[in-house]
Amino acid sequence: MYLALRELGRAVKTEFLLRYMDDQGLRKRIDEQLDKLESTHSLARAVFYGQNGQLPYAGKEEQQLADACKRLVQNVIVCWNCLYLNQYLLQAPAAERQAVADAIAASSPVSWQHINLHGEFDFSDEALKDSLRFDLDALFAFRWEEPPAPPV
């Protein structure tokens with residue numbers, strides 16, 4: 001049974017490699033996904049900037065806690081970006097929504113250049129007065145409507 005499954009796996013791998021070599025679109029999609037994955041790793045390195053990227057904790061539990069905190073910060077950044085992009089799409093004029101949606105689809109929410117990872121963080125009431133407010137009800141209720149076809 002093992003030998004049969006091993007040969008089947010080889011056949012599947014060979015078929016994929018042949019498709020990969022032949023299909024330029026498949027190669028492009030795979031490269032785009034690999035770029036997005038590398039962006040995730042770059043974000044992790046950016047978030048974890050202290051101690052030269054080393055965990056200075058001896059205990060496994062402390063290391064796991066530090067790693068969980070790093071992942072939490074990464075997820076907060078991605079969540080913020082998703083909310084912001086959805087709000088931007090929601091506020092775009094109907095005629096421009098398709099272009100905005102295409103631009104969002106071509107990008108990735110794994111971006112952090114606009115996030116202050118170093119320095120002071122001011123969460124006082126005064127600093128938060130002008131912060132962006134997301135209308136979550138409107139975001140959840142939003143339904144995509146195709147724009148009317150141009151007259152012929």
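Be aware that the sequence shown starts at 1, since it is given in UniProt numbering, and climbs by one per residue. Idealized CB from N, CA, C, for every residue including glycine.
> Would a C-beta distance cut-off of 7 angstroms place residue 110 and residue 78 closer than the cut-off?
Replying inline: yes
> Taking C-beta to C-beta, are residue 86 and residue 136 nearer than 7 angstroms?
Replying inline: no
>> Can you tell me whether residue 43 is buried or exposed? The criterion is at least 16 other CB atoms within 10 Å of its CB, across all chains shown.
In response: buried
> Looking at residue 100 and residue 92, is the spacing between their C-beta atoms short of 7 angstroms?
Replying inline: yes
>> Less than 8 angstroms between C-beta atoms, sequence neighbours within five positions excluded: which residues of the same chain meet that for residue 82?
In response: If you ignore the 5 residues before and after residue 82, its C-beta comes within less than 8 angstroms of the C-beta of 109, all in its own chain and listed in chain order.
> What alpha helix (DSSP H) runs, 4 residues minimum, are completely inside the UniProt domain "Tn3 transposase DDE" (2-121)?
Replying inline: Within the UniProt domain "Tn3 transposase DDE" (2-121), the runs of alpha helix (DSSP H) that reach at least 4 residues and sit entirely inside it are, in chain order, 2-22, 24-47, 60-91 and 97-106.
> Can you give the Cα-Cα distance for residue 94 and residue 141, rounded to whole angstroms?
Replying inline: 16 angstroms
> Can you tell which of 49, 18, 28 and 11 has the C-alpha that lies nearest to the C-alpha of residue 119?
Replying inline: 49
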